[in-house]
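In what follows, a single structure is set out as structure tokens and then discussed.
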Amino acid sequence: MHKLAYYPFFISLLIFSLICSANANRKITVTKLPHIIVINSRSTDPTTNVFSLYRFRFSTNYVPHIRIEGYKNVNDTVSGFTFRAVLVALVEYNDTIAVKDSDSVFSYFGKGVLWDEIKFNDGNDGLKTLNTTLTANLGGANPFTTTISLYATETQKSINGATLLPSDVKYSLAFSNFPYKYQNSKIAIAHMVFSASGSKKSFNSDDAQITVSSNTTGVGRLQWAKTITADGKDVGISAETNVLWKAAPQFTNGDPTDDDAIASEEVETVVFKFDAVQPKSVVWDPR
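Residue numbers (mature numbering (1 follows the signal peptide of the UniProt record, and there is no 0)): -24 to -1, 1 to 263.
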């Protein structure tokens, strides 16, 4: 996981990437729309004029999500490899109330109006940084906030010990002032992974990653760090798949709210847990 700057009550989460070799001729372009950012990372072979393209579309319109697309040796109007990761909810639980039974949930669905406009910073060193913050008054002394930041680069970089390739997007998630309801409770971070029907998904908790592959267009991965710092203490983080909770959204043929929805997608939930009781400050260390 990647952290460029410290945010109070910070969780830094997930690496999304298409597996490929870095290319020195790669160029990144960014298109900014209301609540949508499109990052195109394209390289053209000067000899064959064949290109490869990685496209990352980040949106907060209905639910915060990143769609990853990969095109190799084809025209970019032809459908290529794709999958999507969605930040779904924060779920409070404890030793007696399981995630599936919790009534204390902050759902990110339908909260598009609470996100501010996505801010973009184009660094002179080829590093692109995006961030946006959700603010909600949930009845506490201070508002609940969530900040999402994205990082992309034109050349391979080592940032705080983390290697960032032109085929990667690093995604950090921060939240503060969660309104805890239960005694001695913890927080689970819920995501959903959408992939084209027929693609292959492999979940490996030991390697801390999910791999999504297509027979024709490529391989992608969702990867995370194995430790997290909660209130100054390093603890392990675990991931479980196909865990649901009360009022969890149900999808059978993909998500109709997706900006680039395809006809049929398979859905898998991923819930991240770490052993910290009602943390106030959480930092996911660089990956």
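For every residue, glycine included, the Cβ atom is placed at its ideal position computed from N, Cα and C.
If we count the other Cβ atoms within 10 Å of its Cβ and call it buried at 16 or more, is E93 buried or exposed?
-> Position 117 of the sequence shown, counting from 1, holds the residue named residue 93. Exposed, since its Cβ has fewer than 16 Cβ neighbours within 10 Å.
Endpoints, the beta strand (DSSP E) within which S171 is located = Here residue 171 is taken as the residue at index 195 of the sequence shown, counted from 1. S171 -> beta strand (DSSP E) spans 162 to 172.
Per DSSP, N107 is paired with what?
-> For the purposes of this step, residue 107 is taken as the residue at position 131 of the sequence shown. Paired residue(s): K95, S125.
Alpha-carbon spacing of V39 relative to T23, whole angstroms | One-based indexing of the sequence shown puts residue 39 at position 63. One-based indexing of the sequence shown puts residue 23 at position 47. Straight-line Cα distance between these residues: approximately 42 Å.
Return the CA-CA distance between I165 and R197, expressed in angstroms with no decimal places.
-> Reading the sequence shown from its first residue, position 189 is the one you call residue 165. Reading the sequence shown from its first residue, position 221 is the one you call residue 197. Approximately 18 Å, taken between the alpha carbons.
Cross-strand partners of V258 (DSSP beta bridge) | Counted from its first residue, the sequence shown places residue 258 at position 282. DSSP, once it has assigned bridges, lists A206 as partnering V258.
Three-state secondary structure (DSSP) at D182?
-> Reading the sequence shown from its first residue, position 206 is the one you call residue 182. Note: D182 maps to coil in three-state DSSP.
Identify, in the order they occur along the chain, each residue of the same chain with its Cβ nearer than 6 Å to the Cβ of A(-3), setting aside the five sequence neighbours on each side.
-> To locate residue -3, count along the sequence shown from 1; it is residue 22. Note that A(-3) scores 46 on pLDDT, short of 50, meaning its location in the model is unreliable and no value can be drawn from it.
Check the DSSP bridge columns for Q132 and list the partner residues they point to.
-> Within the sequence shown, the letter at position 156 stands for residue 132. Beta-bridge pairing links Q132 to no other residue.
Kindly indicate which three-state DSSP category G46 falls into: helix, strand or coil?
-> Working through the sequence shown from its first residue, we reach residue 46 at position 70. DSSP places G46 in strand when its eight states are reduced to three.
If you run the structure through DSSP and keep just helix, strand and coil, what is S76?
-> On the sequence shown, position 100 is the one that residue 76 refers to. Residue identity differs from the one stated: residue 76 is Lys in this sequence, not Ser. Helix at K76.
What does DSSP give as the partner residues of S148 in its beta bridges?
-> Locating residue 148 in the sequence shown gives position 172, where the first residue counts as 1. Paired residue(s): S125.
One or two residues paired with R60 in a DSSP bridge | The count along the sequence shown starts at 1 and reaches residue 60 at position 84. In DSSP, R60 forms a bridge with R43, F170.
Using the DSSP secondary-structure output, state which residues sit across from T7 in a beta bridge.
-> On the sequence shown, position 31 is the one that residue 7 refers to. Beta-bridge pairing links T7 to V14.
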